[in-house]
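The sequence shown begins at 3 in our numbering and counts up one residue at a time.
A virtual CB, placed ideally from N, CA and C, is assigned to each residue, including glycine.
Here is the structure we will look at.
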Amino acid sequence: MADKLKIILNPYGGRLPTAAKVTLVEQGLQQAKLDYHLEVTERRGHGIELARQAACDGWRIVVAAGGDGMVSEVANGLLQAAGDAEAGILGIIPIGTANDLADRLGIPFDVTLACQRLAAGATRLIDVGMVNGHYFVNNSAVGLEPLVTVAHDRIRWVKGNVRYILAALQVLSRAKPWLMRISWGNSTFEGPINLVSVGNSNRTGGSFYMTPQAQPDDGLLDFLWATGLSKWQMLRLLPQTFTGRHIAHPQVVYRQTTALSITAFSPTPIQADGEIIAAEALEIHYQLIPHKLRLIY
3 MADKLKIILN PYGGRLPTAA KVTLVEQGLQ QAKLDYHLEV TERRGHGIEL
53 ARQAACDGWR IVVAAGGDGM VSEVANGLLQ AAGDAEAGIL GIIPIGTAND
103 LADRLGIPFD VTLACQRLAA GATRLIDVGM VNGHYFVNNS AVGLEPLVTV
153 AHDRIRWVKG NVRYILAALQ VLSRAKPWLM RISWGNSTFE GPINLVSVGN
203 SNRTGGSFYM TPQAQPDDGL LDFLWATGLS KWQMLRLLPQ TFTGRHIAHP
253 QVVYRQTTAL SITAFSPTPI QADGEIIAAE ALEIHYQLIP HKLRLIY
C-alpha cells in the first residue's frame with residue numbers, strides 16, 4: 003500500500019501501558035513496511051477530533067489503534083468530515099479490551115498480522131448506524147445496557163472482558179424497567195422495557211451476542227427489547243447472551259429495520275459503541291446508512 007497512514011492510538015484501554023502499546027504498534031507497522039504518522043489521544047473524544055482533522059488535511063486512510071471505542075471515534079471523525087461525500091478509509095489495529103467489530107470482520111488480534119492486513123489493503127463497505135446524530139459502527143442501546151457501560155467504567159480492579167460481566171451483574175441486581183414506546187415501520191410496542199439493544203454487528207462487550215444475527219453490511223439494523231423481566235429472570239438470561247440463545251426467550255422480541263424511534267417516559271442513558279453519548283434522553287431516533295464506510299480488513 004503506497005498511502006501514508008495516519009495512526010490514532012488510544013493509550014487508555016486494553017491491558018498494556020501506553021509506551022508498550024506504541025512500541026508494539028510501531029514494530030508491527032515497520033515490519034509491514036508501512037509509512038505512517040502516529041498520534042496518541044489525550045482524552046475521551048479526542049479520536050473524533052484527530053480523525054476529522056486528518057480527513058480535512060487530506061489523509062486518505064486513518065487507522066484506529068485501540069478497541070471498539072477508538073474505532074467508533076475514528077469512524078465518527080471520518081464521517082463527520084465527509085458529510086454526504088465518500089468518507090476516508092478506516093483501518094483497525096485491535097489492541098483494546100473487547101475488539102468486537104474487528105472480531106466480526108475477521109481482523110487478526112495479533113498486531114503484526116493486523117498490520118499485514120493494512121499493507122495488503124483489501125477493503126469492504128459496511129453500514130453505519132446513527133442515533134440522535136451520533137454515528138455507531140457496532141452497537142447502541144438504551145435502558146439497562148448503558149448502565150452496564152457506566153458500571154464497567156467504574157470497575158478498576160479487574161481487567162479484560164470479566165469487567166463487563168461483573169458490571170452486568172452489578173446493574174442487574176438493582177435494575178428497574180422503563181416505560182417506553184418503540185416504533186418501527188408500521189409497528190409500535192409500548193410497555194415496561196428492561197433494555198433495547200440495536201446492533202449493526204452481532205457482539206458487544208467482548209462476550210454479549212445481543213443481536214446475534216446482525217451483519218454489518220446487510221442494509222439492516224437488528225434490534226431487540228426485553229419486556230417485563232424480573233431481576234431473577236434477567237440474571238438467568240444473562241449467560242444466554244454469551245451465545246445469543248436469549249433471543250428465544252418469550253419476553254425478548256427480535257426485529258430488523260432501517261429506522262426506529264423510542265420514546266422513554268422516564269430518562270434513559272444512550273450508549274453507542276460502548277460510550278455514553280447521552281445521560282438522560284426521552285426521545286431516541288435510530289437510522290441505518292447503508293454501505294457508508296469503507297474499511298481495510
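Report task. Within 10 angstroms of the Cβ of GLU75, are there 16 or more other Cβ atoms? Answer buried if so, exposed if not. Result -> In the sequence shown, residue 75 corresponds to position 73, counting from 1. Buried.
Query raised in the report: Roughly how many whole angstroms lie between the Cα atoms of MET236 and GLY208?
Result: Reading the sequence shown from its first residue, position 234 is the one you call residue 236. Reading the sequence shown from its first residue, position 206 is the one you call residue 208. Cα to Cα, MET236 sits roughly 19 Å from GLY208.
Query raised in the report: In whole angstroms, what separates the C-alpha of ILE279 from that of ILE272?
Result: For this step, residue 279 is matched to residue 277 along the sequence shown. For this step, residue 272 is matched to residue 270 along the sequence shown. One C-alpha to the other measures close to 6 Å.
Report task. Put THR245 into one of helix, strand or coil per three-state DSSP. Result -> Mapped onto the sequence shown, residue 245 falls at position 243. Here THR245 sits in coil by DSSP.
Requested in this report: Please report how far the alpha carbon of GLN215 lies from the alpha carbon of THR206, in whole angstroms.
Outcome: In the sequence shown, counting from the first residue as 1, residue 215 sits at position 213. In the sequence shown, counting from the first residue as 1, residue 206 sits at position 204. Between GLN215 and THR206, the C-alpha separation is close to 13 Å.
Query - Residue interval of the beta strand (DSSP E) (run including SER130) - result: Against the sequence shown, residue 130 aligns to sequence position 128. Checking the sequence, you will find Val at residue 130 rather than Ser. That run of the beta strand (DSSP E) goes 125-133.
Query - Distance CB(ALA143)-CB(SER199) smaller than 7 Å - result: As a first step, residue 143 must be located in the sequence shown, where it is residue number 141. As a first step, residue 199 must be located in the sequence shown, where it is residue number 197. A contact, by the Cβ cut-off of 7 Å.
Requested in this report: Return the CA-CA distance between PHE138 and ASN196, expressed in angstroms with no decimal places.
Outcome: The residue you call residue 138 lines up with position 136 of the sequence shown. The residue you call residue 196 lines up with position 194 of the sequence shown. Their backbone Cα atoms lie some 22 Å apart in a straight line.
Requested in this report: Count the other CB atoms, across all protein chains shown, that sit within 10 Å of the CB of ASP37; report buried if there are 16 or more and exposed otherwise.
Outcome: As a working note, residue 37 is residue 35 in the sequence shown. The residue in question, ASP37, is exposed, as its Cβ has fewer than 16 Cβ neighbours within 10 Å.
**Report entry** Reduced DSSP category for LEU262 - H, G, I as helix; E, B as strand; rest coil
**Finding:** Along the sequence shown, one-based indexing puts residue 262 at 260. Three-state DSSP puts LEU262 in a strand.
Query - Cβ separation of PRO194 and THR243, assumed to be a contact under 8 Å, to the nearest whole Å - result: Numbered from its first residue, the sequence shown carries residue 194 at position 192. Numbered from its first residue, the sequence shown carries residue 243 at position 241. Wrong, their Cβ atoms sit about 20 Å apart, outside the cutoff.
Report task. Can you grab the Cα-Cα spacing for the pair GLN55 / ALA83, in whole Å? Result -> Numbered from its first residue, the sequence shown carries residue 55 at position 53. Numbered from its first residue, the sequence shown carries residue 83 at position 81. Those two C-alpha atoms are separated by around 8 Å.
**Report entry** Validate contact between the stretch 110-118 and the stretch 33-48 using beta carbons, cut 8 Å, 3 pairs
**Finding:** yes
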